[in-house]
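*Asks:* Protein chains in written order, with the numbering used here: chain A, 1 to 414; chain B, 415 to 573. Just so it is clear, CB atoms sit at the ideal spot from N, CA and C, and this is done for glycine as well. If you're wondering where the values come from, they're calculated on a predicted model, not measured in any experiment.
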Amino acid sequence: MQYIVAGAGPAGVVACETIRKLSPDASITLIGAEPEPPYSRMAIPYLLSEIIAEQGTYLRKTDGYYEQMNINRLQQRISGIDASASQLKLDNSESLDFDRLLLATGAIPINPPIPGVDLEGVRHCWTLEDAREIAARAKSGSSVVLMGAGFIGCIILESLVKRGVNLTVVERGDRMVPRMMDDTAGNILKQWCVDKGVRVLTSHSITAIEAGEPLSVVLDSGESLSADLVILATGVHSNIDYLQDSSIETDQGILVNGYLQTTHPAVYAAGDVAQGRDFSTGEFTVQAIQPTAVEHGRVAATNMVQDNTLEHQGSLNMNVLDTLGLISTSFGQWMGVAGGDSVCIVDRERYKYLNLQFKDDVLVGISSLGHTENIGVARGLIRGKVSLGQWKVHLQKNPERLMEAWLACSVGVA
Amino acid sequence: MQKALLIDPDKCTGCLQCELACSYEHEGVFNPSKSRIRVFTFHQEGRFVPYTCTQCAEAWCQQACPVDAITLNSETGAKDVNDSACVGCKVCTIACPFGTVNYNHSTGKVIKCDLCGGDPKCVSACPTQVIVYVDADQTGYEKMRQWAKQTDNSPAASA
Ligand SMILES: Cc1cc2nc3c(=O)[nH]c(=O)nc-3n(C[C@H](O)[C@H](O)[C@H](O)COP(=O)(O)OP(=O)(O)OC[C@H]3O[C@@H](n4cnc5c(N)ncnc54)[C@H](O)[C@@H]3O)c2cc1C
Ligand code: SF4
Ligand code: SF4
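Right, here's the structure in full:
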């Protein structure tokens, strides 16, 4: 069997490992366009904070790991697929034959539709190459403008502040992390950042970036900010452009069935590129988070080897974010569901917030600020669809007792 | 023979000796908030329930870690956090469905039960033998694995 895994991020690497475990003799080729050994994008902020060196971002740390696993690595860019001929086309105009192919080419950042995004000194924060460029420009005392205060923007925010730059964050929405938190929580987070000396301009747009040393960042208010570096964090989309001429169907991402199989039976998809099942809604969406990429990689690879024997139950959307020391989380349907109920406690002075969402007596989502102890149990309660019974009432009185609810209702020890 | 912690909360008096022993072993201080095992209190029922990582087979924490900082200790069967590789991203703390990996604000890394390398201090500290360290194939271990399985409607477990 000839397995090809296209994309050397977490989804691709876990898929290769899973194939190897299930099929000791199969031929496995892992293709990635980037020159570095397979690495984790989400470790980049910690590289910028100088908590780790570049090697610290690598997905697997032992020397010769891929050779030992007999995983063939190829540094090439994939330019297209001829699925009916079972062939993958490479940039160097060669093609490769496969019996089973996994598409794990991740996501790519979106360029906002404004003039100046191609100027030197304007960067995304997506690859190790981007990180090197950012590190070179984001020196202590330099001026940096961060465009976008979504999830990724907020993560980089912390590392930029740690580098000692003068930071201004510009966000079009009316609060920070609008897709992970409601109005109240998003604004508490904003207040926290402002109190820490970061200039946060919500409900503001950047209309242009003008050349010069420093660059000039023009806002819709007419104000302009000078910047040694502008970082674009305005969202990502699945990396599917190379599939345009193929028979593989796409929407937001690559369309897959419950086995992460694409519209071509020999081809599967996983990670940020795949529009996989969401645990909470049952709908197929692109989540673009690390735990989902890994889960996809494992499930897709199992189905590639064992012919669709493992149905994907859906991944739970979840995030954790540390913004200058204030930790926020969100799980599942944190925004609530129709006909559901909720409980929310807010303590603005201490920057604390906890919001639980229920459907009947089952927890379906949570969002939090400043609550970290045993927080993972939220996943257990949501994924396990644990029937809370009386404990729903207890939680409505004191939402902090999630762990006790778990012990009482699921483990049955209280 | 691999061993595992077996916890029988019925006999727990809530004395917190396990928490103190754990935090002393790992952090050099007697500070329950730094303990990897936690005793949960149910005032109304007058019950105390110690709870910690079951070193579950699925190892959600390990799978979710983006930088391979959680690895299987082949001697003890524990999933150990390697501090020098951990970047403190906290993804494992939301991935463990039992809530048994916690972020340690003072180190910027995460902490979880490592079975003290094979000599768990909570076991020797517990005056009423609520926590015992037993052969992993004893029924008690299976019982704990069942707890683990309850939330686990994921494909990996049914595979
Ligand atoms: C700064 C930053 C912080 C993040 N923080 C978090 C976080 O805290 N929590 C979280 O859950 N997620 C986070 N993420 C998102 C997380 O990194 C992604 O969800 C994850 O990397 C997805 O894995 P993947 O394997 O699907 O794709 P990727 O990691 O994007 O890997 C895709 C691979 O495909 C290769 N590739 C792409 N196109 C081609 C081509 N045409 N030919 C050949 N190879 C190709 C790429 O080079 C790469 O190797 C963060 C991302 C960034 C950038
Ligand atoms: S910390 Fe949680 S996920 Fe990790 S081994 Fe322990 S119980 Fe399993
Ligand atoms: S906090 Fe550390 S151990 Fe946990 S997932 Fe992140 S890097 Fe891995």
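Going straight from the alpha carbon of residue 483 (chain B) to that of residue 270 (chain A), what length do you get?
*Replies:* Between residue 483 (chain B) and residue 270 (chain A), the C-alpha separation is close to 23 Å.
*Asks:* In the DSSP assignment, what residue or residues form a beta bridge with residue 367 (chain A)?
*Replies:* Residue 367 (chain A) is bridged to A:330 and A:355.
*Asks:* Run down chain E in chain order and give the residues with a C-beta less than 7 Å from the C-beta of residue 476 (chain B).
*Replies:* The structure shown contains no chain E; its protein chains are A and B.
*Asks:* Please give me, in chain order, every unbroken run of the beta strand (DSSP E) with length at least 3 that falls completely inside the stretch 449-528 of chain B.
*Replies:* List check, beta strand (DSSP E) in window: 452-456, 461-465, 484-486, 493-495, 516-518 and 523-525.
*Asks:* Under 8 Å, do residue 121 (chain A) and residue 137 (chain A) count as touching if we go by C-beta distance?
*Replies:* A contact, by the Cβ cut-off of 8 Å.
*Asks:* For residue 406 (chain A), which residues in the same chain have their Cβ closer than 8 Å to its Cβ, ignoring the five residues on either side in sequence?
*Replies:* Contacts found: 377, 380, 381 and 386.
*Asks:* What does a CB cutoff of less than 6 Å around residue 11 (chain A) pick up in its chain, not counting 5 residues either side in sequence?
*Replies:* For residue 11 (chain A), where only same-chain residues beyond five positions count, the Cβ hits under 6 Å are 104, 270, 271, 293, 296 and 297.
*Asks:* Give the secondary structure of residue 20 (chain A) by DSSP, where H, G and I count as helix, E and B as strand, and everything else as coil.
*Replies:* In this structure, residue 20 (chain A) counts as helix in the three-state DSSP scheme.
*Asks:* Just to be sure I understand the criterion: a residue counts if its Cβ is closer than 6 Å to at least one heavy atom of ligand 2. Which residues meet that?
*Replies:* Going along the chain, the residues that qualify are B:467, B:468, B:469, B:470, B:473, B:474, B:475, B:493, B:510, B:512, B:514, B:515 and B:526.
*Asks:* Quick check on residue 294 (chain A): does DSSP put it in helix, strand or coil?
*Replies:* Of the three classes helix, strand and coil, the one that applies to residue 294 (chain A) here is helix, per DSSP.
*Asks:* Using beta carbons (cut-off 8 Å, strictly below), is residue 509 (chain B) in contact with chain A?
*Replies:* Residue 509 (chain B) counts as touching chain A.
*Asks:* Given that a residue counts as buried once 16 or more other Cβ atoms are within 10 Å of its Cβ, and exposed if not, what is residue 55 (chain A)?
*Replies:* Exposed.
*Asks:* According to DSSP, is residue 243 (chain A) part of a helix, a strand, or is it coil?
*Replies:* Reduced to three states, the DSSP call for residue 243 (chain A) is helix.
*Asks:* Quick one: which residues of the stretch 18-45 of chain A get their C-beta closer than 7 Å to a C-beta of chain B? List them in chain order.
*Replies:* The stretch 18-45 of chain A vs chain B, Cβ under 7 Å: 40, 42 and 43.
*Asks:* Please classify residue 304 (chain A) as buried or exposed, where buried requires at least 16 neighbouring CB atoms within 10 angstroms.
*Replies:* By the 10 Å Cβ count, residue 304 (chain A) comes out buried.
*Asks:* Would you give the residue range spanned by the beta strand (DSSP E) that residue 277 (chain A) belongs to?
*Replies:* Taken as a continuous stretch (DSSP letters only), the beta strand (DSSP E) holding residue 277 (chain A) covers 274-277.
*Asks:* Taking buried to mean at least 16 other C-beta atoms within 10 Å of its own C-beta, is residue 309 (chain A) buried or exposed?
*Replies:* It is exposed - the Cβ of residue 309 (chain A) has fewer than 16 other Cβ atoms within 10 Å.
*Asks:* Please check if any C-beta of chain A sits within less than 8 Å of the C-beta of residue 516 (chain B).
*Replies:* True, the Cβ-Cβ gap to chain A drops below 8 Å.
*Asks:* Checking contacts by CB at 8 Å: is residue 513 (chain B) closer than that to chain A?
*Replies:* Yes, because at least one Cβ of chain A sits closer than 8 Å to the Cβ of residue 513 (chain B).
*Asks:* So, with DSSP's three-state summary, where would you put residue 150 (chain A)?
*Replies:* It is coil, neither helix nor strand.
*Asks:* Which residues mark the beginning and the end of the beta strand (DSSP E) in which residue 417 (chain B) is found?
*Replies:* Residues 417-421.
*Asks:* Does any residue of chain B have a CB that is nearer than 8 Å to the CB of residue 5 (chain A)?
*Replies:* Taking Cβ atoms only, chain B never reaches closer than 8 Å to residue 5 (chain A), which makes this a no.
*Asks:* Should residue 566 (chain B) be labelled buried (16 or more other beta-carbon atoms within 10 Å of its own) or exposed?
*Replies:* Its pLDDT being 40, under 50, residue 566 (chain B) is placed unreliably by the model, and the measurement read from it follows with that caveat. Label assigned to residue 566 (chain B): buried.
*Asks:* Taking the beta carbon of residue 348 (chain A) as the centre, do at least 16 other beta carbons fall within 10 Å, making it buried, or is it exposed?
*Replies:* Label assigned to residue 348 (chain A): exposed.
*Asks:* Note the first and the last residue of the continuous beta strand (DSSP E) segment covering residue 199 (chain A).
*Replies:* Residue 199 (chain A) -> beta strand (DSSP E) spans 199-201.
*Asks:* Are the C-beta of residue 541 (chain B) and some C-beta of chain A separated by less than 8 Å?
*Replies:* Not one chain A Cβ lies under 8 Å of residue 541 (chain B).
*Asks:* For the stretch 394-411 of chain A, enumerate the residues whose C-beta is nearer than 8 Å to any C-beta of chain B, in chain order.
*Replies:* Answer set for the stretch 394-411 of chain A: 402, 403, 404, 406, 407, 408, 410 and 411.
*Asks:* Does the count of Cβ pairs from the stretch 216-231 of chain A and the stretch 51-66 of chain A closer than 8 Å reach three?
*Replies:* In short, these stretches do not touch, since the Cβ pair count stays below three.
*Asks:* Using 8 Å as the threshold, is the stretch 361-377 of chain A in touch with the stretch 327-336 of chain A, meaning 3 or more CB pairs across them?
*Replies:* At 8 Å Cβ cutoff, the stretches touch.
*Asks:* Go through its chain and collect everything with a Cβ distance to residue 430 (chain B)'s Cβ below 8 Å, but skip five positions before and after it.
*Replies:* Cβ within range, chain order: 446 and 453.
*Asks:* Using a C-beta to C-beta distance shorter than 7 Å, which residues of chain B count as neighbours of residue 448 (chain A)?
*Replies:* Absent from the structure is residue 448 (chain A), since the part of chain A shown begins at 1 and ends at 414.
*Asks:* Answer yes or no: does any C-beta atom of chain B fall closer than 8 Å to that of residue 206 (chain A)?
*Replies:* So no, residue 206 (chain A) is outside the interface.
*Asks:* Taking a cut of 8 Å between CB atoms, which residues from the stretch 50-73 of chain A lie near chain B?
*Replies:* Residues passing the 8 Å Cβ filter: 51, 52, 56, 57, 58, 59, 60 and 61.
*Asks:* Please classify residue 542 (chain B): is it buried, with 16 or more other beta-carbons within 10 angstroms of its beta-carbon, or exposed?
*Replies:* So residue 542 (chain B) counts as exposed.
*Asks:* Three-state secondary structure (DSSP) at residue 390 (chain A)?
*Replies:* The answer is helix: DSSP assigns residue 390 (chain A) an H, G or I state.
*Asks:* Output, in chain order, the set of chain B residues within a Cβ distance shorter than 7 Å of residue 248 (chain A).
*Replies:* By Cβ distance, chain B contributes nothing, its closest Cβ being about 23 Å from residue 248 (chain A), past 7 Å.
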